[in-house]
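Single-structure report; data block below.
Residue numbers (our numbering): -11 to 150.
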């Protein structure tokens, strides 16, 4: 796949949407939107619809994926296998609004992030959409480790995607 896929996740897949954003994938989270509108948005914006609703996934056809599990790691494995996803931390998106993250200086982060983050990090990010600040602290190492474990499981055949 040359172009990175874009997703729309239905109301039942909020955690999956956040993790796909961390992996660097443009993922709209369709909370409080009816099924017909989700399909319309997905089609108009060229997104794949991820859903836990079999009927909804059938309604959109090839652009839909029924996510079989309620377990986040299994969801990540299934979606990653189906779309050949690779995590790209440099493309991570805002976990809140899906906005693009812009690199800012440490000086620009002063007053917006905890003192400990300022002391221990040189690079910061701000969401162009909602203004949330990010940095790659210890929590980022845990996120990266979990994504690596999911990717490794996928390569070893740890999932059964459709």
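Heads up, the beta-carbon is just placed ideally off N, CA and C, and yes, glycines get one too.
Can you name the residues that DSSP bridges to residue -2? Position 10 of the chain shown, counting from 1, holds the residue named residue -2. In the DSSP output, where bridge partners are listed per residue, residue -2 has 18.
Could you work out which residue in 123, 129, 102 is closest to residue 112 when comparing CA atoms only? Along the chain shown, one-based indexing puts residue 112 at 124. Cα-wise, what sits closest to residue 112 is 123.
C-alpha distance - residue 46 paired with residue 116, whole-angstrom precision: Stepping through the chain shown from its first residue, residue 46 is reached at position 58. Stepping through the chain shown from its first residue, residue 116 is reached at position 128. Each residue's alpha carbon lies about 35 Å from the other.
Cutting at 7 Å between CB atoms, please list the residues of its own chain near residue 90, excluding the five before and the five after it. As a working note, residue 90 is residue 102 in the chain shown. Counting only Cβ-Cβ distances below 7 Å, and skipping sequence neighbours, we find 113, 114, 116.
Terminal residues of the beta strand (DSSP E) in which residue 90 lies: Counting from one through the chain shown, the residue named residue 90 turns up at place 102. Where residue 90 is concerned, the enclosing beta strand (DSSP E) stretches over 89 to 92.
If the criterion is Cβ atoms closer than 7 Å, does the pair residue 154 and residue -2 meet it? Here the chain comprises residues numbered -11 to 150, so residue 154 is not present and cannot be evaluated.
Rounded straight-line distance, which links the Cα of residue 11 to that of residue 81: Your numbering for residue 81 matches position 93 in the chain shown. Your numbering for residue 11 matches position 23 in the chain shown. Going by the C-alpha atoms only, they are around 8 Å apart.
Flag this pair as yes or no: are the beta carbons of residue 86 and residue -8 separated by less than 7 Å? Residue 86 sits at position 98 when you count from the first residue of the chain shown. Residue -8 sits at position 4 when you count from the first residue of the chain shown. Contact flag unset, no.
Can you grab the Cα-Cα spacing for the pair residue 93 / residue 68, in whole Å? By 1-based counting over the chain shown, the position of residue 93 is 105. By 1-based counting over the chain shown, the position of residue 68 is 80. C-alpha separation (whole angstroms): 33 Å.
Simplified DSSP state of residue 81, which is helix, strand or coil: Translated into the one-based positions of the chain shown, residue 81 becomes position 93. Of the three classes helix, strand and coil, the one that applies to residue 81 here is strand, per DSSP.
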